[in-house]
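Peer 1: Here you go, one structure.
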């Protein structure tokens, strides 16, 4: 949607977001503050994260998901 992301560096979030987000330590309030400040102050970083986010979202399209499920079901039917 064209919004830069700041996400917690926890669980599977880094696997999902890849390099399309800034990561913060969820136990460090100053870390999230610094990441927010970074995005607010840097047009270059905002644009870069937005572009990477648009590319990253393509990995999660409905068509790819449907194709993967069909292949999986076909394997079970063999």
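In my numbering, the protein residues as written are -9 to 68.
Where is the CB? At the ideal position from N, CA and C, for every residue including glycine.
Here the structure is a predicted model, which means the values were calculated and not measured.
#1: If the criterion is Cβ atoms closer than 8 Å, does the pair residue -1 and residue 24 meet it?
#2: Restricting to runs no shorter than 4 residues, where is the alpha helix (DSSP H) found entirely within the segment 12 to 39?
#3: Let me confirm a value: residue -8 is counted as buried when at least 16 other C-beta atoms fall within 10 Å, else exposed. Which label applies?
#4: From the DSSP output, in three-state form, read off residue 51 for me.
#5: Could you give the DSSP three-state label for residue -5: helix, strand or coil?
Peer 2: The relevant details are as follows:
#1: Start at 1 with the first residue of the chain shown, and residue -1 comes out as number 9. Start at 1 with the first residue of the chain shown, and residue 24 comes out as number 34. In this structure, residue 24 does not lie closer than 8 Å to residue -1 by Cβ.
#2: 19 to 31
#3: Residue -8 sits at position 2 when you count from the first residue of the chain shown. Burial call: exposed.
#4: If you number the chain shown from 1, residue 51 lands on position 61. Reduced to three states, the DSSP call for residue 51 is coil.
#5: Within the chain shown, the letter at position 5 stands for residue -5. In the structure shown, residue -5 sits in a strand (DSSP, three-state: E or B).
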